[in-house]
Every structure is written in C-alpha cells, then in structure tokens.
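Numbering (this note's numbering), first residue to last: 18 to 179.
Below: one structure, written as structure tokens.
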Amino acid sequence: MQEHLEAVEEFTARYAKARATHRILPELAQVDAEWEILETVSRERHFPRNAVTYTRSHALRAINSWAGYLHEFILPTPHNAVALEEYNYFDDKEKERIVTVLNWIMYCNREANLLQLDEDDAKSAAFVARILSEWGERKPLLRELLTKNTAIWREKATGRQQ
18 MQEHLEAVEE
28 FTARYAKARA
38 THRILPELAQ
48 VDAEWEILET
58 VSRERHFPRN
68 AVTYTRSHAL
78 RAINSWAGYL
88 HEFILPTPHN
98 AVALEEYNYF
108 DDKEKERIVT
118 VLNWIMYCNR
128 EANLLQLDED
138 DAKSAAFVAR
148 ILSEWGERKP
158 LLRELLTKNT
168 AIWREKATGR
178 QQ
C-alpha cells in the first residue's frame, strides 16, 4: 500500500514541477478526473521519468479505448454477432458523426507519434491541453450514442421501451 501512495505522491510532484514550466498543462485534478491517471500510477506502482510524456501517453490510451468500440458501428467484424446487431442501430448521419470522432482519434494518434519522436515537453503539454479540451467537445456525441445503444439493448433484454 505504501508503494502505491509513494508512486502517486512522486508523480504528483513531478507533474507539479512540469506544470510550473509548462503553464498550458492542465491541472492534474482535471486530467485525473477525466482519465484517472493517478489510479493508473497507483496500480502500476512506478514513477514515470517524465510526467508530461507519461500524461500524453496515458491520455492517448484513454481516447484510443473508444476507437475499436466506435469502429464496430461503421464497419462491424463479420464474426461478431453483437457488432453486426449494433451496426444496424445507427443511421447514415449518425455513422458520419462517428467517423468524425474516429478521424479525430486517428489525428491524435499520428500527432502523438510525431511528438514521441521529438520528445519536446512543451509540445506534449500543449497536446495534452488540446486533447483534454477537444475530448470534452466529443463526449456529448458519445453520450448520445451510448444512450441510444443502451436503450435498444434494454428494450431487447426487458421488452420495455424507456
């Protein structure tokens, strides 16, 4: 338990130091609220050498987790009955909106790849700030899609509409 706490404390100190240098870097509480970075640090029990690049990588993993899920709505895996079913839940206009989110995720991925080669903390800090803001802009669409998807499954499971 102590090493979990030490990892979080060390990361928090390194993040604060990085934020003092790169003021564009969002407050750790904001990043943690959105992507649970401190939980990951605690679970992994390690002290990332560079808080900025670690935060960039962690944020990218968080948004990447949506890519496969969303991809199934526009191009389902043929051997996945759930994906084939859910594909039919969304009309073409909704699928176009899903594609815009996927395009954004791919853009973030490619930009992060370039940043990884540069190892420029100032650029990485700006990246974290930008994707945190842009992620917030995309969440309402994701919430809308999940609400519709959940409602359809609820109806199928219970026979009741909500």
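No residue lacks a Cβ here, since even glycine has one placed at the ideal position from N, Cα and C.
Proximity winner among the options, relative to residue i (alpha-carbon distances)
i: ARG60; options: ALA33, ILE41, PHE28; result: PHE28
i: LEU22; options: LYS112, LEU55, LEU131; result: LEU55
i: HIS39; options: ASN67, VAL116, GLU113, ALA139; result: ALA139
Under the three-state DSSP convention, the category residue i falls into
i: GLU136; result: coil
i: ARG160; result: helix
i: ILE115; result: helix
i: ILE41; result: coil
i: TYR32; result: helix
i: LEU92; result: coil
i: ASP49; result: helix
Cut-off 6 Å between Cβ atoms - residues of its own chain near residue i, not counting five sequence neighbours on either side
i: LYS110; result: none
i: GLU89; result: ALA100
Exposed unless 16 or more other CB atoms sit within 10 angstroms - verdict on residue i
i: ILE122; result: buried
i: PRO43; result: buried
i: ILE41; result: exposed
Same chain only: Cβ atoms within 7 Å of residue i, ignoring 5 sequence neighbours per side
i: GLU128; result: PHE144
i: ARG78; result: none
i: LYS165; result: TYR106
Contacting residues, own chain, Cβ-Cβ under 8 Å from residue i (five flanking each side not counted)
i: GLN47; result: LEU149
i: PRO126; result: Note on residue identity: the sequence assigns Asn, not Pro, to residue 126. Once the five neighbours on either side are set aside, the close Cβ partners of ASN126 are LEU77, ASN81.
Rounded Cβ spacing between residue i and residue j (contact assumed at less than 8 Å)
i: LEU87; j: VAL118; result: 6 Å
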